[in-house]
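Heads up: the structure comes next, in structure tokens.
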Amino acid sequence: MTTAALSPALPTGGYGFAHALRMEWIKLRSLRSTWWALLVVVAGMVAIGVVTMANTKVPSADKTAGFDPTNNVLAGVALGQLVVGVIGVLLVTGEYASGSMRSTLAAVPRRPLVLAAKATVFGGVTLVLSEAVAFVTFLAGRTALDPAIPQPSLTDGGVLRAVLMSGAYLGLVAVMAVGIGALTRHTASGIGALVGLLFVVPAMLAGTTGTTVAKFFPTMIAGNSLAVSRPMPDMLTPWTGFALLLVYTAVVYAGGLRVLVRRDA
Numbered sequence: 002m003t004t005a006a007l008s009p010a011l012p013t014g015g016y017g018f019a020h021a022l023r024m025e026w027i028k029l030r031s032l033r034s035t036w037w038a039l040l041v042v043v044a045g046m047v048a049i050g051v052v053t054m055a056n057t058k059v060p061s062a063d064k065t066a067g068f069d070p071t072n073n074v075l076a077g078v079a080l081g082q083l084v085v086g087v088i089g090v091l092l093v094t095g096e097y098a099s100g101s102m103r104s105t106l107a108a109v110p111r112r113p114l115v116l117a118a119k120a121t122v123f124g125g126v127t128l129v130l131s132e133a134v135a136f137v138t139f140l141a142g143r144t145a146l147d148p149a150i151p152q153p154s155l156t157d158g159g160v161l162r163a164v165l166m167s168g169a170y171l172g173l174v175a176v177m178a179v180g181i182g183a184l185t186r187h188t189a190s191g192i193g194a195l196v197g198l199l200f201v202v203p204a205m206l207a208g209t210t211g212t213t214v215a216k217f218f219p220t221m222i223a224g225n226s227l228a229v230s231r232p233m234p235d236m237l238t239p240w241t242g243f244a245l246l247l248v249y250t251a252v253v254y255a256g257g258l259r260v261l262v263r264r265d266a
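Note that my numbering has the sequence shown beginning at 2, numbered continuously upward.
Below is the structure:
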């Protein structure tokens with residue numbers, strides 16, 4: 002009798018993607034630490050953008066052509082990618098550490114659905130939040146700019162694209178981080194891989210080879226290709242950089258999916 006009473010509430014034929022999405026959304030919204038960390042992203046990006054613009058000086062005559070205040074106001078993306086990336090890794094490795102991944106996979110045996118739901122929920126939340134924060138940061142930063150410097154406008158060439166791509170970049174980092182978490186299955190190694198990919202390796206390459214190789218890494222793409230209204234010399238174009246970021250995300254996600262499917266929880 003008990004089984005008969007409960008069976009109508011269970012999805013027929015097992016859990017589908019919609020059920021997996023709902024489950025991951027409940028997990029995400031129940032973690033206060035995640036929302037506090039995302040609040041740090043919001044506050045940090047806005048604060049860094051405002052402070053950077055307040056300290057932006059009128060360019061000298063020889064630097065006027067390359068002067069790009071839009072790139073300055075979006076400097077907080079560097080902090081945002083770190084926090085978002087760490088959260089994304091923890092969303093996966095935390096379940097392995099606590100053992101709750103077994104319960105998740107028992108409820109949704111189709112493992113590709115589990116990872117897709119995690120990436121969709123966290124990536125979607127990050128994308129919406131990041132786009133909103135990018136616009137708020139841009140508008141707030143303009144007010145802090147020296148009156149002697151012409152304020153950039155969303156209608157200026159390349160400015161709207163730079164703001165939109167900066168928000169989209171953080172959404173891609175969120176999905177990439179979920180893939181790294183599934184690939185490493187361990188918090189320390191996952192965060193280490195994330196920091197290495199975003200900060201350590203490109204910094205080392207920039208110090209030894211300049212931008213020749215470093216320009217192909219995510220952080221360099223974000224700061225020097227996406228978040229610019231004027232193309233920078235020796236850097237990837239915005240759309241080429243964005244396409245390469247999509248490839249990075251797909252490769253890391255595929256690697257994480259392969260490990261999740263082939264290895265026991």
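Each residue gets a CB set at the ideal place from its N, CA and C atoms; glycine is no exception.
Taking one beta carbon from each stretch, the region 126-142 and the region 168-180 have 3 or more pairs nearer than 8 Å; the two touch.
Straight-line spacing of the CA atoms in residue 226 and residue 104 works out to 42 Å. By the neighbour-count definition (other C-beta atoms within 10 Å, threshold 16), residue 56 is an exposed residue. Counting only residues of its own chain and dropping the five nearest sequence neighbours on each side, residue 202 has a CB closer than 7 Å to the CB of 218. Measuring C-alpha to C-alpha distances from residue 117 to each of 67, 177, 78 and 86 identifies 177 as the nearest. In its chain, beyond the 5 residues on either side, 50, 51, 54 and 74 have a beta carbon closer than 6 Å to the beta carbon of residue 142. CA-CA distance, residue 191 to residue 151, rounds to 43 Å. Secondary structure of residue 250 (DSSP, three-state): helix.
Contact holds between the region 23-32 and the region 109-123, because three or more Cβ pairs, one in each stretch, are under 8 Å apart. Cβ neighbours of residue 243 within its own chain (closer than 7 Å, five residues either side excluded): 166 and 227. Counting only the Cα atoms, residue 76 lies some 7 Å from residue 46. The region 181-190 and the region 89-97 touch, with three or more beta-carbon pairs separated by less than 8 Å.
The Cβ-Cβ distance between residue 69 and residue 186 does not fall below 8 Å.
When rounded, the separation of the alpha-carbon atoms in residue 160 and residue 134 is 15 Å. In this structure, the CA atom of residue 131 is about 13 Å from the CA atom of residue 83. Nearest C-alpha to residue 58 among 260, 18, 39 and 146: 146. By the 16-neighbour rule on beta-carbons within 10 angstroms, residue 113 is exposed. Here the alpha carbons of residue 175 and residue 95 stand approximately 15 Å from one another. Cβ neighbours of residue 215 within its own chain (closer than 6 Å, five residues either side excluded): 203, 206, 207 and 221.
Nearest to residue 211 by alpha-carbon distance, out of 21, 40, 158 and 234, is 234.
Residue 79 is a Cβ neighbour of residue 224, given a cutoff of 8 Å. According to the DSSP assignment, residue 43 belongs to the alpha helix (DSSP H) that extends over 33-55. By the Cβ-count criterion, residue 100 is exposed, with fewer than 16 other Cβ atoms from all chains shown falling within 10 Å of its own Cβ.
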